[in-house]
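Colleague: To start, I am sharing the structure in question, which I have written as structure tokens.
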Amino acid sequence: MAEYFQLLRRDLTGSLPAPQWPDDMRLNHYRDELAPAIHAVLRMTQDQGAGSVASLEAWRRQFVTDAEFDPTLCLVASNGEGILGVSQCWTSAFIKHLCVHPCAQGQGLGRALLLQTFQMFKQRGEPYVDLKVLESNLRARQLYESAGMVFVLRDVVSDD
5 MAEYFQLLRR
15 DLTGSLPAPQ
25 WPDDMRLNHY
35 RDELAPAIHA
45 VLRMTQDQGA
55 GSVASLEAWR
65 RQFVTDAEFD
75 PTLCLVASNG
85 EGILGVSQCW
95 TSAFIKHLCV
105 HPCAQGQGLG
115 RALLLQTFQM
125 FKQRGEPYVD
135 LKVLESNLRA
145 RQLYESAGMV
155 FVLRDVVSDD
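Quick note: the sequence shown uses the numbering used here, first residue 5, plus one each step.
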């Protein structure tokens with residue numbers, strides 16, 4: 005049976021809601037020394053529909069050598085316990101991964117990361133931001149749609 009994704013888009017030309025961060029949350033950008041912890045959160049959430057994540061070295065090599073890589077477009081949310089959320093984006097105004105550690109889910113961190121990502125791309129002058137979400141990932145789709153993202157197209161998941 006084929007698996008489908010939906011391409012969703014958020015118009016950034018109007019006003020955007022400000023993110024409301026959970027207590028004690030700090031926001032940073034990608035740095036090489038954070039790569040193992042970022043990768044661990046990505047891997048932990050891949051079974052929840054965050055896509056497939058390669059091994060640490062393969063992921064890091066693919067990520068930092070991609071033509072669309074910009075370390076300031078990888079938002080990393082953490083507290084005293086460690087990294088709890090990641091929004092990994094490309095320069096094409098595309099959200100590649102948005103994930104929250106299972107211990108921090110349901111506390112508004114995913115929404116705050118998403119809204120911060122919208123603000124970040126608006127400040128860069130982008131008119132919109134896109135992402136792909138598995139059609140079966142209802143929890144993520146509900147978050148994205150509640151934050152103003154709208155359906156653009158549906159397509160079959162490929163193995164690339």
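Quick reminder that beta carbons are idealized off the backbone N, C-alpha and C, glycines included.
Check this for me: beta carbons of L118 and L102, under 8 Å apart or not?
Modeller: yes
Colleague: Across which residues does DSSP place I99 in a beta bridge pair?
Modeller: Beta bridge pairing from DSSP links I99 with C93 and L135.
Colleague: With DSSP as the reference, label F125 as helix, strand or coil.
Modeller: helix
Colleague: Please work out which residues of its chain come closer than 8 Å, Cβ to Cβ, to P40, disregarding the five sequence neighbours upstream and downstream, and give them in chain order.
Modeller: L60
Colleague: So for H43, helix, strand or coil by DSSP?
Modeller: helix
Colleague: Using CA atoms only, rank isn't needed, just tell me which of P23, S96 and L31 is closest to D134.
Modeller: Closest by alpha carbon: S96.
Colleague: Any contact between the region 140-150 and the region 86-95? By contact I mean 3 or more CB pairs, one from each, below 8 Å.
Modeller: no
Colleague: Determine the contact status of M48 and P106, defining contact as a CB-CB distance below 8 Å.
Modeller: yes
Colleague: Between the region 109-129 and the region 14-26, are three or more C-beta pairs nearer than 8 Å?
Modeller: yes
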